[in-house]
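One structure is given here, and the rest of the page talks about it.
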Amino acid sequence: MEFLSEFLTLFIGKLQSPTLGFLIGGMVVAAVNSRLQIPDAIYKFIVFMLLIKVGLSGGMAIREANLADMLLPAAFAALIGIMTVFVGRYTLAKLPKVKVVDAIATAGLFGAVSGSTLAAALTLLESESITYEPWAAALYPFMDIPALVTAIVVASIYVTKQRQRAEEYSKQEALSTEGYYASQGGGAATAVGRRAETRSGGSAPKKVEIWPIVKESLQGSALSALLLGLALGLFTDPTTVYDTFFSPMFRGLLSILMLVMGMEATARIGELRKVGQWYAIYAFAAPLIHGFLAFGFGLIAHYTTGFSLGGVVILATIAASSSDISGPPTLRAGIPSANPSAYIGSSTAVGTPVALALCIPLFISVAQELANHGG
Amino acid sequence: MEFLSEFLTLFIGKLQSPTLGFLIGGMVVAAVNSRLQIPDAIYKFIVFMLLIKVGLSGGMAIREANLADMLLPAAFAALIGIMTVFVGRYTLAKLPKVKVVDAIATAGLFGAVSGSTLAAALTLLESESITYEPWAAALYPFMDIPALVTAIVVASIYVTKQRQRAEEYSKQEALSTEGYYASQGGGAATAVGRRAETRSGGSAPKKVEIWPIVKESLQGSALSALLLGLALGLFTDPTTVYDTFFSPMFRGLLSILMLVMGMEATARIGELRKVGQWYAIYAFAAPLIHGFLAFGFGLIAHYTTGFSLGGVVILATIAASSSDISGPPTLRAGIPSANPSAYIGSSTAVGTPVALALCIPLFISVAQELANHGG
Amino acid sequence: MEFLSEFLTLFIGKLQSPTLGFLIGGMVVAAVNSRLQIPDAIYKFIVFMLLIKVGLSGGMAIREANLADMLLPAAFAALIGIMTVFVGRYTLAKLPKVKVVDAIATAGLFGAVSGSTLAAALTLLESESITYEPWAAALYPFMDIPALVTAIVVASIYVTKQRQRAEEYSKQEALSTEGYYASQGGGAATAVGRRAETRSGGSAPKKVEIWPIVKESLQGSALSALLLGLALGLFTDPTTVYDTFFSPMFRGLLSILMLVMGMEATARIGELRKVGQWYAIYAFAAPLIHGFLAFGFGLIAHYTTGFSLGGVVILATIAASSSDISGPPTLRAGIPSANPSAYIGSSTAVGTPVALALCIPLFISVAQELANHGG
Amino acid sequence: MTQQASKLVIVTEKLLLKKIAKIIDEAGAPGYTVVDAGGKGSRNVRSTGNPTVSDTYSNIKFEVLTPNREMAVKISDEVATQFFEDYSGISYLCDVMEVLHAHNF
Amino acid sequence: MTQQASKLVIVTEKLLLKKIAKIIDEAGAPGYTVVDAGGKGSRNVRSTGNPTVSDTYSNIKFEVLTPNREMAVKISDEVATQFFEDYSGISYLCDVMEVLHAHNF
Amino acid sequence: MTQQASKLVIVTEKLLLKKIAKIIDEAGAPGYTVVDAGGKGSRNVRSTGNPTVSDTYSNIKFEVLTPNREMAVKISDEVATQFFEDYSGISYLCDVMEVLHAHNF
Ligand SMILES: Nc1ncnc2c1ncn2[C@@H]1O[C@H](COP(=O)(O)O)[C@@H](O)[C@H]1O
Ligand SMILES: Nc1ncnc2c1ncn2[C@@H]1O[C@H](COP(=O)(O)O)[C@@H](O)[C@H]1O
Ligand SMILES: Nc1ncnc2c1ncn2[C@@H]1O[C@H](COP(=O)(O)O)[C@@H](O)[C@H]1O
Ligand code: NA
Ligand code: NA
Ligand code: NA
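Chains as they are written, first to last, in the numbering used here: chain X, 30 to 404; chain R, 30 to 404; chain B, 30 to 404; chain W, 38 to 142; chain E, 38 to 142; chain G, 38 to 142.
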């Protein structure tokens, strides 16, 4: 009882944080059709600034860290990334009116990590003076890449099987493949249809290569900025420029990014609506489920290897977050037959706001309760 | 005598402020055809940063304020906004070679408010340590919206009347309306002319709806940013992010914006030249006249309800300023037959520089004199 | 011996500076095909911020300076700018497979000055607490403009002579000029060729006008920003805005610019490869040669008129640097027949990295050695 | 499966983007493409308050492939009637030899 | 020296920029021009994760002048086969009366 | 009131924007439209110093509707003579079926 009331007080306090205020502000601004815009160049630059700052601070601190401590959390991160995809494959994809490839892609995006959500969590942890391992932000790629790779591999296997079945069927029936494509692709119509035979004829059960997907992820702008920051923090001495520039700008730039995320969320609601309610429900539940799953794994590491409670919150946050920058292009290239409205809509319009506004305050409150009561 | 010399000293000191320096620098840079450019994305972002900062500081301070004090100044702001349009209607519009709709649109733009001019005034007030009510910046929409609405309504009534007269005339004469449109629209030539009948036939004396214009104004990027800042300042606690980011950046960003305004002013001179000298004269005199009119009203509030002298300067400044961001698109949509060269040229090339370089220092000097001599 | 080891220690310390780290980071990022991008608007704005800051600090300090001291270094700067072109004309241009106009243009670009390299040198001088004359950054145009003017004049004279010779030849042979153009222009093929006669017929040995080239240089965005800053520092009092905005942002923005320069360098390597190895060798050697030439001249001024050792480093740096922003468009317009791949590739891919990573640390180390041993 | 079509090109002020897109949609056109453009015509002005020192364009160019000439003319007429009296703009028709591949033709 | 040519126009998702450029190159086309474009077609989506609140376009429009109709059709076929099943896109052919000046025709 | 016209298309380096606009004006053309473009042609370079890592285009594409073929050819000749020896560029002529609505035709 006392726990609950304490928790609620904590939670409500977090809701007044300006970070969240900017997020909601952005939603309202877009909802009332304001012409306010944050130019694309600024948006991209802010993301770069935030992630390179996260990387720099990690890199600078990592030097003294014992990287062996990172092993268990990193393994857990990868595991959670992979599990996320299978959870989606066996829940969302089984629902009526949900296309399997769309569901797999969506699950992949929810398994992947959002740099901005991570940045928001770090800010809140600092405001609350909760300590965490300097390398915790570096768990990002350990979850991001396995999730995307798994999603693309699972989707490829599924598509190949479907195609083979369709071919056998078409051989039996000696029918044009046009009907199949029309029902599968939705938009892929006549003009293209006539070439389908040639194409599917050539697609023998080909293996999915994993390295290109990993490379594609690492080359994404978000991960690149993070890793660049890490490397610079590790190998050069950026203290002055960090203290005079990257660190003081962080909080302010984050608030503007939150505004953009809020505007985005509202703007994408329409896309989500088109693909149906199941996506909305999944997008609402998934961050909480993935997050608490990761929180649980994190606690295991906490009790066995002394992983800090702040680190547990970070692990839970990257699990709860869904990628908004680098994930979509990777998926678009890797699972081209999936409808981007489905996964981008789910992630941006519902997943990210839930992760930011519900999950982070929740995880921090729980961590604080655990700390207070001798976690 | 002493008053005058004191005043001149004060005034000349203000002319050396870097804000003004950047304005004049921008004019020179554009005049010598330099290829120096501030990218559009940066310009838009700076405007956003300035106005959200103004809003945030207002919102944070307003909590303790007694909003009843705002009533009189707000009513005066609206009154001045409306008067401005009628002043233009009965001076500028009556001049030879000035088209009535162009004049009304120009008067509307001069009645509306410039966020950047407001920001410049706030900076100067702070440098001079003159106090003002925290909500004073929130007078912006109370003048901006009435001015734009009045201009659009007055123009619509005028255009409708003209059209009716023309139709009666054309019925009498059974002539094609082409001649009329050619003389009215200037550019609207043959290819379009033949459709004019159909169109004007359908336009029965239709009422101008006011709410869409108000909405359009509120949705503009400048007002949106200001109101967003106000709301965030009011409902969340943005102190940290304000103190570490929005407030320290203010002065610097403003100086860059001044540079852009200066470049703009020079670049627009050509447009102004095309529409004739009367616009230049109006654009020079209007900021001073509107400003001192508002200063007078402000003093009434000062002596009756204790409105601060800093607040009076702000009221005078928003009256003197003419909109540069959100006004033009609203007018373009609301009075489409008006020539944008006329109003944008007048405002940007002459009105804004006069407001920034003459009016603000003038108002502050007068306010200081009044304060020194027991105002 | 001791000198050498001391020097190496100093030099290696400089290699760990974050400035250099960001440069190398950018090279790596581009080399691994990362999708990380710094938007063009941000890049342009950063260049503006850096150069206006350099200008402002110069302008503010110059007031107390004795400008007569500037005479000798400024004359040396101009001399070096001109010499650079002739060095290129009689080395690079004589090499096999190197087209003369391409070589002249490349030499011109290496004679011209890079604002970002200058900014990097100033930062490092400050970190090392080496003092320099406040007006030293203002040596920029004194080298930049003479170098570009000389290159364009030399190229024009060469092209005119070639054309005359070709015409005489073509009169003798009564052959179409097509062959000549095909061999000269490389890309200028048939469709254009037939008009060549008309054109070359009209080109009597026309004089190259110098003032337009000077104007073109001064109007470039980099020089404009520098001069604007100088003027504002001189005529207004920008101390507050300088201390709260331009100065604190300098180091951070510079680091991001270094990242861009690094990415650029890698991206341009391909262009350089196309034009051949001689350009790479020239681009590697030229910054060192020009730099030490200037260092020598600087020392003359040091021993005769007391020009500071910091100033000598600055003179050497602007000599070593090659223009990356304003130079290329001026050359493109002034020597249109030169292949931009040659000069931009040489400068961006090799020249700038060498100037930044080798020359600046080298010059500073030498200056420190000289100071320590009673220079 | 290739087929003939008309291509309607409309260049006008950016301000009208949404309104013209709506007209095209309502006319039943299968799609459209739009690019940012600058330009010069009878009126020298198409400013909508953007800084001229920034190099953004303030015109837009629509290209609409329509299955027949009538639809193109209908769209053009509608756009011209509603806007070309007050706004800058031009519209013209090109021949498209054939649509090779499309999802909606 | 002027000559007839075909103009192939391809509008599709920006994501495919490099891949389509490669196809055009490999088909032996003498060159191409590409512009950023927005648009609407049978599928309402061409988002690749950019914020929609920013006003950047996410389509591209290629224009390729080819010396003959066959090359244009070949490029179009290749592009459609590889991409138009999964991505938005349209391709069509225009007549070019004549190429007046070019370096590579 | 519709009428035939020629459409001249010029793709060249951005650097030449103002100079070509002047030539078009002086030839008496009623207007022009210009868009930012990228592209590839016989020379692989059209850089003017912009960072290549930024994704800005450095070509421009002019489209000029002219009342007759002669004016188009005249503009094209002038542009080619002055610039195409030293700069990248291509120019070609398209048929415009008809100008539907214009202020200046
Ligand atoms: N002859 C033309 N050729 C190409 N574009 C034109 C032409 N005339 C007008 N335009 C375009 O149409 C826009 C509006 O023209 P106008 O309404 O005549 O000002 C101009 O800004 C140009 O972009
Ligand atoms: N009828 C059309 N006219 C012009 N552009 C079109 C048309 N149909 C499609 N497009 C363009 O082609 C893109 C892809 O079309 P779709 O594959 O049908 O979604 C659209 O986003 C438009 O830019
Ligand atoms: N065959 C072509 N089709 C379309 N655009 C072309 C073609 N050839 C050249 N271009 C355009 O014209 C520009 C200059 O061509 P070039 O002078 O050959 O380098 C290129 O950058 C392309 O944008
Ligand atoms: Na996740
Ligand atoms: Na006003
Ligand atoms: Na140099």
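Glycine included, every Cβ here is placed at the ideal spot set by N, Cα and C.
Since the model is a prediction, treat every value here as computed from it, not as a measurement.
Residue i beta carbon near ligand 5 (any heavy atom closer than 7 Å)
i	result
threonine 113 of chain R	yes
glycine 140 of chain R	yes
methionine 172 of chain R	yes
Distance cut-off 7 Å: residue i Cβ against heavy atoms of ligand 1
i	result
leucine 137 of chain G	no
isoleucine 347 of chain B	no
glycine 78 of chain W	yes
Cβ-based burial, residue i [other Cβ within 10 Å; buried from 16]
i	result
isoleucine 239 of chain R	exposed
glycine 42 of chain R	exposed
glutamine 306 of chain R	exposed
serine 355 of chain X	buried
serine 86 of chain X	buried
serine 143 of chain B	buried
alanine 323 of chain B	buried
aspartate 353 of chain B	buried
Neighbour flag for residue i against chain W, beta carbons, 8 Å
i	result
alanine 362 of chain R	yes
serine 95 of chain E	no
Closer than 8 Å to chain X by CB, residue i
i	result
lysine 126 of chain R	no
valine 76 of chain R	no
alanine 176 of chain R	no
is_contact[residue i, chain R] using C-beta, thresh 8 Å
i	result
leucine 45 of chain W	no
aspartate 123 of chain W	yes
Any non-hydrogen atom of ligand 3 within 7 Å of residue i CB
i	result
tyrosine 69 of chain E	yes
valine 48 of chain G	yes
Closer than 8 Å to chain G by CB, residue i
i	result
alanine 225 of chain B	Only weak support is given to the placement of alanine 225 of chain B: the predicted model assigns it a pLDDT of 36, under 50, and the value that follows is read from those uncertain coordinates. Interface residue, yes.
alanine 42 of chain W	no
aspartate 132 of chain E	yes
Distance cut-off 7 Å: residue i Cβ against heavy atoms of ligand 6
i	result
serine 16 of chain B	Any answer about residue 16 of chain B is impossible in this case: the structure gives chain B only from 30 up to 404.
Closer than 8 Å to chain B by CB, residue i
i	result
leucine 154 of chain R	no
alanine 367 of chain X	no
phenylalanine 336 of chain R	no
alanine 90 of chain R	no
Inter-residue CB distance, residue i and residue j (contact presumed, cutoff 8 Å)
i	j	result
threonine 52 of chain G	alanine 362 of chain B	Correcting the residue identity first, residue 52 of chain G is leucine in this sequence and not threonine. Yes, leucine 52 of chain G and alanine 362 of chain B are in contact; Cβ-Cβ is about 7 Å, under 8 Å.
alanine 184 of chain R	alanine 371 of chain R	Contact flag wrong, Cβ pair sits at about 13 Å.
valine 83 of chain B	leucine 338 of chain B	Incorrect: roughly 19 Å between the Cβ atoms, too far for contact.
isoleucine 133 of chain B	isoleucine 318 of chain B	Wrong, their Cβ atoms sit about 17 Å apart, outside the cutoff.
beta-carbon residue i near ligand 2 non-hydrogen atom, thresh 7 Å
i	result
lysine 44 of chain G	no
serine 366 of chain X	no
C-beta neighbour in chain E for residue i, strict 8 Å
i	result
valine 136 of chain W	yes
Fill in: Residues within the segment 52-75 of chain G neighbouring chain B, beta-carbon criterion of under 7 Å
Leu52
Discussion item. Any C-beta of chain E within less than 9 Å: which residues of the segment 326-358 of chain X qualify?
Written reply: Ser352, Asp353, Ile354, Ser355, Gly356, Pro357 and Pro358
Worksheet item: What residues in the segment 104-116 of chain E have a beta carbon less than 9 Å from any beta carbon of chain W?
Response: Arg106, Ala109, Val110, Ser113, Asp114 and Val116
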